[in-house]
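FYI, the numbering for the sequence shown is 1 to 260, going by UniProt numbering. Beta carbons: idealized from backbone N, C-alpha and C, even for Gly.
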Amino acid sequence: MTADRPGLPGSGTPGTPQPVDSSWRTLFRMARPRATRANAFAALLAIVLGFAIATQVQQTNQSGLEQLREDELVRILDDVSQEQSRLAADTRALEVSRDKLVSGVDSSAEALKSAQQRLDTLGILTGTAPATGPGVVITISDADHKITAARLLDALQELRDAGAEAVQIGDVRVVAETWFADADGAIEIGGERVTQPYVIKAIGDSATMASAMDIPGGVSESVRGDGAVITVVQSNDVAITALHSLSEPRYARPVPAPSP
Numbered sequence: 001m002t003a004d005r006p007g008l009p010g011s012g013t014p015g016t017p018q019p020v021d022s023s024w025r026t027l028f029r030m031a032r033p034r035a036t037r038a039n040a041f042a043a044l045l046a047i048v049l050g051f052a053i054a055t056q057v058q059q060t061n062q063s064g065l066e067q068l069r070e071d072e073l074v075r076i077l078d079d080v081s082q083e084q085s086r087l088a089a090d091t092r093a094l095e096v097s098r099d100k101l102v103s104g105v106d107s108s109a110e111a112l113k114s115a116q117q118r119l120d121t122l123g124i125l126t127g128t129a130p131a132t133g134p135g136v137v138i139t140i141s142d143a144d145h146k147i148t149a150a151r152l153l154d155a156l157q158e159l160r161d162a163g164a165e166a167v168q169i170g171d172v173r174v175v176a177e178t179w180f181a182d183a184d185g186a187i188e189i190g191g192e193r194v195t196q197p198y199v200i201k202a203i204g205d206s207a208t209m210a211s212a213m214d215i216p217g218g219v220s221e222s223v224r225g226d227g228a229v230i231t232v233v234q235s236n237d238v239a240i241t242a243l244h245s246l247s248e249p250r251y252a253r254p255v256p257a258p259s260p
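Rendered as structure tokens:
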């Protein structure tokens, strides 16, 4: 009797196993989402976007505002609105960057650079990062203590109207929600007591801001009318080092990023 041939049907000896086609397994592995650096930075940008929106909608501290005139309150409201519009533009830019990351258009290096630039910009606008650049340094010496919080607020508004991008008064970083109040021979700014001489640093177009201080009937003339001395010095290198601490919003919460 002829012995059964191995591997043939009906053979008594088990046949040699045939290779299994793994194409479907390979395709499945390729289709699975991968934890790439681009995806990680997309998530980071989404978190920063939500945090920026939540921070800007929190209520402004009203302490000290009851002492201001109606026109000064209107100017504060207008300034806050302008600040929110500027941050809204930055938010839209962040959304574009996030969408590019999700779609894989940008390389990892470009994504890192873009994310850092946007974070730096938001840090300057919210006062959480130091800043340097051209601007002015204003010093107000008030030996008779005639300068009020309203006068410093006028100076701040004139600087912002002239395009100031970052402002520091004394050791206080001034942002959209910063408030001013008179406090027994000194001035309270954002909860910090500031004494004279009052030093105001502002970064922006130095010539434009200096001109804004010296317009007829403007800040410089009003300060001198109070019996104080004011100097405005233009500089190509103004350093703003004071930082603003962001508070946790009580009511606002970030909007979750849509699923890709």
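Proximity of the region 252-259 to the region 162-172 falls short of the contact definition, fewer than three beta-carbon pairs being nearer than 8 Å.
A straight line joining the alpha-carbon of Leu112 with that of Glu72 spans about 42 Å. If you look at Ser222, you'll find it in the alpha helix (DSSP H) that goes 219-225. Note that the region 224-239 touches the region 206-214; at least 3 beta-carbon pairs, one per stretch, sit closer than 8 Å.
With a minimum length of 3 residues, the unbroken runs of beta strand (DSSP E) contained wholly in the region 116-186 fall at 131-141, 166-169, 172-174, 180-182.
Judged by beta-carbon spacing, Ile138 lies within the 7 Å limit of Ile200, meaning their Cβ atoms are closer than that value. Shown here, Thr241 sits in coil according to DSSP, grouped into three states, outside any helix or strand. Nearest in C-alpha terms to Pro197, of all of Ile203, Glu158, Arg250, Leu152, is Leu152. Residue pairing by DSSP leaves Val80 without any beta bridge partner. Comparing C-alpha distances from Asp154 to each of Ala143, Trp179, Asp171, Thr132 shows the shortest one belongs to Trp179. In this structure, Ala162 is the residue among Arg69, Ser108, Ala162, Val136 with its C-alpha nearest to the C-alpha of Gln82. Counting every other CB atom within 10 Å of its CB across the protein chains shown gives Ile76 a total of 16 or more, marking it as buried. Per the C-alpha coordinates, the member of Ile124, Pro216, Ile230 positioned closest to Ser245 is Ile124. Here Val96 is not bridged, per DSSP, to any residue. Residues of the same chain with a CB within less than 6 Å of the CB of Asp182, apart from the 5 flanking positions on each side, are Thr148, Ala149 in chain order. Between Ser206 and Gly135, the gap from beta carbon to beta carbon is short of 7 Å. Relative to the Cα of Leu243, the nearest Cα in the group Ile187, Arg224, Thr126, Val223 belongs to Thr126. When DSSP states are grouped into helix, strand and coil, Glu110 belongs to the helix group. By the Cβ-count criterion, Ile215 is exposed, with fewer than 16 other Cβ atoms from all chains shown falling within 10 Å of its own Cβ. Taking all protein chains in view, the Cβ of Arg253 is surrounded by fewer than 16 other Cβ atoms within 10 Å, so the residue is classified as exposed. For Ser141, the closest of Arg224, Ser108, Val238 by C-alpha to C-alpha distance is Arg224.
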